[in-house]
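There are 2 protein chains.
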Amino acid sequence: MTKFKVGDPVGVGCYVDTCRECSNCKAGKGSYCRKGMVMTYNSKMKYPHCGVGYNEDASKQEVTYGGYSKDIVVDMDYVCKIPKNLPLDAAAPLMCAGITIFSPMKYYGVKKGDKLAVAGLGGLGSMAVKFGVAMGCHVTVLSRGTKKKEEAMSRLGAHDYVDVTNPEDVAAHQSCYNHMINTIAVPHDIAMYFSLLDIDGQLIMVGVNPKPMEISTFSYIAQRKSLCGSFIGGVKECQEMLDFCGKNKITCDVEVIKPDYIN
Amino acid sequence: MTKFKVGDPVGVGCYVDTCRECSNCKAGKGSYCRKGMVMTYNSKMKYPHCGVGYNEDASKQEVTYGGYSKDIVVDMDYVCKIPKNLPLDAAAPLMCAGITIFSPMKYYGVKKGDKLAVAGLGGLGSMAVKFGVAMGCHVTVLSRGTKKKEEAMSRLGAHDYVDVTNPEDVAAHQSCYNHMINTIAVPHDIAMYFSLLDIDGQLIMVGVNPKPMEISTFSYIAQRKSLCGSFIGGVKECQEMLDFCGKNKITCDVEVIKPDYIN
Chain A
20 MTKFKVGDPV GVGCYVDTCR ECSNCKAGKG SYCRKGMVMT YNSKMKYPHC GVGYNEDASK
80 QEVTYGGYSK DIVVDMDYVC KIPKNLPLDA AAPLMCAGIT IFSPMKYYGV KKGDKLAVAG
140 LGGLGSMAVK FGVAMGCHVT VLSRGTKKKE EAMSRLGAHD YVDVTNPEDV AAHQSCYNHM
200 INTIAVPHDI AMYFSLLDID GQLIMVGVNP KPMEISTFSY IAQRKSLCGS FIGGVKECQE
260 MLDFCGKNKI TCDVEVIKPD YIN
Chain B
20 MTKFKVGDPV GVGCYVDTCR ECSNCKAGKG SYCRKGMVMT YNSKMKYPHC GVGYNEDASK
80 QEVTYGGYSK DIVVDMDYVC KIPKNLPLDA AAPLMCAGIT IFSPMKYYGV KKGDKLAVAG
140 LGGLGSMAVK FGVAMGCHVT VLSRGTKKKE EAMSRLGAHD YVDVTNPEDV AAHQSCYNHM
200 INTIAVPHDI AMYFSLLDID GQLIMVGVNP KPMEISTFSY IAQRKSLCGS FIGGVKECQE
260 MLDFCGKNKI TCDVEVIKPD YIN
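Line by line, the protein sequences give chains A and B. Residues 20 to 282 (this note's numbering) make up the first sequence, in order. Residues 20 to 282 (this note's numbering) make up the second sequence, in order.
In C-alpha cells, the structure reads:
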C-alpha cells in the first residue's frame, strides 16, 4: 500500500477489479474492460488478483457485496481520494453518478462557452447541470412540464429551461445546443431531442433504456449529428472528477437513511 | 468569372445555391445550409442570387433541371475543377457519391492504419472501399452472402470480407473496426453492426432509411460507440476530394447509356 494512509477519506466506485491486461485496461478505460469488470456489488470475483474470494472453479468464486458491507477490501488501484473539503455522504454518489456524467463530458469535448442541454433531471441530470455550470457552459434543462423549473434554475444554477411537452417551447429551441446529456431511461421521442441540437451536435446517452428506441436516419444525418454513448468511466478520470468537485465544491444531493429503512 | 476558363473540365454537385449568409454557409458547410439548399434538380430557385429563375413570388420561381439539361448556368462558387487525368463520365458521380463518402471520412477522422468496415457494396460502398484503400486503411467489406467477395477484394482492393449472414464470420469479427461506413438504405439489424465496432468506434450512416430503425441503448453505450451521420458535403471539400481522386486515379464505376434508355 503506497497510495493512501490510515484515515484518508477514499471512495470506491462501481467496480473493484478488471482483467488489467487488455488494451482498454492498459489505456485506463477500466469500465470498458474487454474481459469484463468485477462490479462492486453482486459480481463474481473472477480474476486471480481479486483476493481471497477468487477460486479457479467459477462456481466457487465469491460474490462482491459493495455498499451493503460494513468493511470492504479493495486493491489500491481501484480506490480514489475524496477531497477533504467534501462531506463523505454527499460525495459518495460521485463515484457512480458523478463519473458517469463527467467521463462523457470530457471525452466528447464539452467545454467553456458550449451550449449544453440536459435531458431529464434526476440523479444523473442534476450532476450534468452542476458540472456544466462549473465548466462554464450555458446549461439548459429539458424536462416534461414546469414542475422542475425552479429546482433546475434557482437551486442548481441552470441558465434556461425547456418544457418538452410544450410545442412552442420546443419550436423556439430548434438547433440550439452543441451537446445534450440524455439521462432519460425510458423510451422517448428521440427525433424531437435531436431537433434541439445544432449542426455537429452530440446526443450523449447515459440513460440505459430497457427497450430499443426507434430512430430515423434523417434526424441525425441532415445536420451531421451523433448519437453517442458512455458507460461509467476509468479510475484515473474518476480521480480527476473528484478533484474537479473538490475545487468547485460540487457534491450530490443526498437523503441519508438508516439501513433498516432500505427495504 | 475568375475561377475557370473556357474548356476547363468542371463538375457541378448536388446543389447549385445556398443562402450564403448562415453560419454553416460561411463555414463552408453548404450542404447544411440553415435556410436550405437549391438542389441541382427539381428544386425551386428560391434565392435572389440564383439567377434568372428567381422570383419574389415563390409560386413563380423556376425549378432546376440539373443533369437532365443540355446546358447549365451555375455560379462559379458552386463549381469544382475535375482533374485532367480523370475521364469525365467516370468522374461525374464523384460529385454525389464521392463527396457523400469522402466528407464523413475526413470529418470523423478516418486515417492511415485504421480498420475501416464498409457495410453494403453499391455505389456509395464501392467509393468507401476505394477511398479507404487509398488512405491506407485496412478495409473490410460487410455484405450479405459471398457473391460480392470477388468484386470487393480482387477488383476494388478490399483487404477482408465478412458475410454478415454467416454467424461464425460475424462472431470472428466482433469489436474489430475503428469506423464503419454504413451505406445500407433499408432497415437492418443495427446491433449486429455495432458489435463489429471496437471501443470508441463510429458507425457512420450515409444510407437514408425509409423507416426508423430500432436501436438498443446498450449496443452503443457499453463500449462507447457512436452512431453518426453525414449529408453530402461542402464545395471546398468536394474540390479536395476531386484532387485526392486525381492524385490516386480514383473514379466511379459507370455504365454509359443514351438518354432514351433512362426510362
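Ideal placement from N, C-alpha and C gives every residue a C-beta, glycine not left out. Given the structure is predicted, the values throughout are model-derived calculations rather than measurements.
Find the nearest neighbour of A:Pro-229 within the set B:Met-124, B:Met-260, B:Ala-190, B:Ser-238, judged by alpha-carbon distance. B:Ser-238
Cβ neighbours of B:Thr-159 in the same chain (closer than 8 angstroms, five flanking residues each side left out): Lys-134, Leu-135, Ala-136, Val-137, Ala-177, His-178, Asp-179, Tyr-180, Val-181, His-192, Cys-195, Tyr-196
A:His-68: buried (16+ other C-beta within 10 angstroms of its C-beta) or exposed? exposed
Any residues in the segment 239–258 of chain B with a beta carbon nearer than 8 angstroms to a beta carbon of chain A? Which ones, in chain order? Tyr-239, Ile-240, Ala-241, Gln-242, Arg-243, Lys-244, Ser-245, Leu-246, Cys-247, Gly-248, Ser-249, Phe-250
Contact criterion: CB-CB distance below 9 angstroms. Does B:Arg-174 meet it with respect to chain A? no
Can you name the residues of chain B whose CB is closer than 9 angstroms to the CB of A:Glu-40? Correct list: empty, because the minimum Cβ distance to chain B is about 15 angstroms.
Indicate the three-state DSSP secondary structure (helix, strand or coil) for B:Leu-113 in the structure shown. helix
Looking at the unbroken alpha helix (DSSP H) that takes in B:Tyr-84, where does it start and where does it end? Unbroken run through B:Tyr-84 is the beta strand (DSSP E), 82–84; no alpha helix (DSSP H).
Starting from B:Lys-63, follow its DSSP beta bridges and name the residues at the other end. B:Val-82
Which residue or residues does DSSP assign as beta-bridge partners of A:Gly-248? A:Met-224
Have a look at B:Val-205 and B:Gly-226 and give me their C-alpha separation to the nearest angstrom. 8 angstroms
If we cut at 9 angstroms on Cβ distances, does B:Phe-237 have a partner in chain A? yes
Would DSSP call A:His-157 helix, strand or coil? strand
Considering only residues of the same chain and omitting the five flanking positions on each side of B:Pro-231, which have a CB-CB separation below 8 angstroms? none
Output, in chain order, the set of chain B residues within a Cβ distance shorter than 7 angstroms of A:Ile-234. Pro-231, Met-232, Ile-234
Would you give the residue range spanned by the alpha helix (DSSP H) that A:Asn-43 belongs to? 42–45
Mind pulling the chain B residues with CB within less than 8 angstroms of A:Met-283? The requested residue 283 of chain A is not part of the displayed model; chain A covers only 20 to 282.
If you follow the beta strand (DSSP E) that B:Leu-135 is part of, which residue opens it and which one closes it? 134–138
Take B:Cys-115 and list the residues in its own chain whose beta-carbon comes closer than 7 angstroms to its own, dropping the five residues that flank it on each side. Gly-32, Cys-33
Rounding to the nearest angstrom, what Cα-Cα distance links A:Asp-96 and A:Val-254 in this structure? 8 angstroms
Jot down the residue ranges of each uninterrupted alpha helix (DSSP H) in the segment 164–213 of chain A, minimum 4 residues, whole runs only, in chain order. 186–190
B:Cys-257 in three-state terms, based on DSSP: helix
Bridge partner(s) assigned by DSSP for A:Asp-36: A:Val-57
Who are the Cβ neighbours of B:Asp-108 in its own chain at under 8 angstroms, not counting the five residues just before and after it? Val-273, Val-275
In angstroms with no decimal places, state the Cα-to-Cα distance between A:Gly-291 and A:Val-93. Nothing can be reported for residue 291 of chain A, as the shown portion of chain A is limited to 20 through 282.
Find the nearest neighbour of B:Leu-105 within the set B:Lys-89, B:Asp-27, B:Tyr-60, judged by alpha-carbon distance. B:Asp-27
Buried or exposed: where does B:Lys-79 fall if 16 or more other Cβ atoms within 10 Å of its Cβ makes it buried? exposed
For A:Asp-36, which residues from the same chain have a beta carbon less than 6 angstroms from its beta carbon, with the 5 sequence-adjacent residues on both sides left out? Val-57, Tyr-66, Cys-69
Specify, as a first and last residue, the run of the beta strand (DSSP E) that A:Ile-234 falls within. 232–234
CA-CA distance, B:Asp-219 and B:Phe-263? 27 angstroms
Strand pairing of A:Leu-215, partner residues [DSSP]: None; A:Leu-215 has no bridge partner.
Is any beta-carbon of chain A found at less than 9 angstroms from that of B:Val-227? yes
Chain B residues whose Cβ lies nearer than 7 angstroms to that of A:Tyr-97: Ordered by position in chain B, no residue passes the 7 angstroms Cβ test against A:Tyr-97, which lies about 20 angstroms from the chain.
Pick helix, strand or coil for B:Gly-49, following the three-state DSSP scheme. helix
Determine, using beta carbons only, whether B:Asn-43 comes closer than 9 angstroms to chain A. yes
Using a 10 Å radius around the Cβ and a threshold of 16 neighbouring Cβ atoms, would you call A:Thr-202 buried or exposed? buried
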